[in-house]
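Below is one structure; the comments refer to it alone.
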Amino acid sequence: MKKLAVAAVITVMAVGAFTGCSGSGADIGRDAALEAALNDAGVSESDTSRLKVSEDSDDGRKIYEISFDANQTEYDYEIQASDGSILSAETEQIQNAGTADNGTQNSADQGQTTAQDSSQADSGTSQSQQNSQTAEPAVSIDEATRIALDRVEGAAESDIRIELDRDDGRMMYEGDIIYNQIEYDFKIDANTGEVVEWSEERA
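Count the sequence shown with mature numbering (1 follows the signal peptide of the UniProt record, and there is no 0) and you get residues -19 to -1, 1 to 184, in order.
Below you can see the structure in the form of structure tokens.
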């Protein structure tokens, strides 16, 4: 009986030691996870902006969520922490603020043309639509960008995403800045330039 008991204790200790060893090697670390994502994207870290690496859990597995911009493309990765395998990879083309702004202007111009064309049928309605579409915010998107960037020392235009939107009938610039592993979300009043919402999230 003593021999059996000793054997059982040795077995338990061996399993514990093995589990401890395998557990200690179950995380490749942030740097290795980032390297796996960068290698897959074919870019170097120095060529990226808006870089963010955070940890999460998926079905009990530890994963690294990695996002960055490079070559006018936004990359989002999920990397398995245990072996560095890529669980998901998504890319999206980035539109410059100027391009997006021009697109909005073109859309507004088209809307104005449509309103003018239909004015013969209902001049009152078309005039109302035209006035609504031609309303310009007092603060330009460039000014709003500068207001936001001035709050994050060292951040550049490549670190920010911003767009004009309506919030409860109020024109707002909404966006985020990702710089030094911190994500800043904001809303700026498009008529006054007041920062009405500001939050920070560290990776």
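The beta-carbon is built from N, C-alpha and C at its ideal position, and this holds for glycine as well.
- Quickly, what does DSSP pair glutamine 61 with across the bridge? List them, please. Numbered from 1 along the sequence shown, position 80 holds the residue referred to as residue 61. Answer is Ile44.
- Where arginine 142 sits in the DSSP three-state scheme: Sequence index remark: in the sequence shown, residue 142 carries index 161 (1-based). DSSP places arginine 142 in strand when its eight states are reduced to three.
- Query: Helix, strand or coil: how does DSSP classify alanine 70 here?
  - Reply: Mapped onto the sequence shown, residue 70 falls at position 89. Strand.
- Query: With 16 as the cutoff for other CB atoms within 10 Å, does threonine 54 come out buried or exposed?
  - Reply: If you number the sequence shown from 1, residue 54 lands on position 73. Label assigned to threonine 54: exposed.
- Item | Continuous alpha helix (DSSP H) stretch holding isoleucine 122: start and end | On the sequence shown, residue 122 is found 141 positions in, with the first residue counted as 1. It spans 122 to 130 - the alpha helix (DSSP H) in which isoleucine 122 sits, taken as one unbroken run.
- Counting pairs of Cβ atoms below 8 Å between the region 12 to 28 and the region 43 to 52, do you hit three or more? yes
- Message: Which residue marks the beginning of the alpha helix (DSSP H) containing aspartate 12, and which one marks its end?
- Response: Taking the sequence shown and counting its residues from 1, one reaches residue 12 at position 31. Here the alpha helix (DSSP H) through aspartate 12 covers 11 to 22.
- Query: Rounded to the nearest angstrom, how far is the Cβ of glutamate 182 from that of lysine 168, given a contact under 8 Å?
  - Reply: Mapped onto the sequence shown, residue 182 falls at position 201. Mapped onto the sequence shown, residue 168 falls at position 187. The Cβ separation is near 15 Å, so there is no contact.
- Three or more beta-carbon pairs under 8 Å between the region 143 to 153 and the region 4 to 19, yes or no? no
- Give me the Cα-Cα distance between aspartate 57 and glutamate 155, rounded to the nearest whole angstrom. Residue numbering aside, residue 57 sits at position 76 when the sequence shown is read from its first letter. Residue numbering aside, residue 155 sits at position 174 when the sequence shown is read from its first letter. Cα to Cα, aspartate 57 sits roughly 21 Å from glutamate 155.
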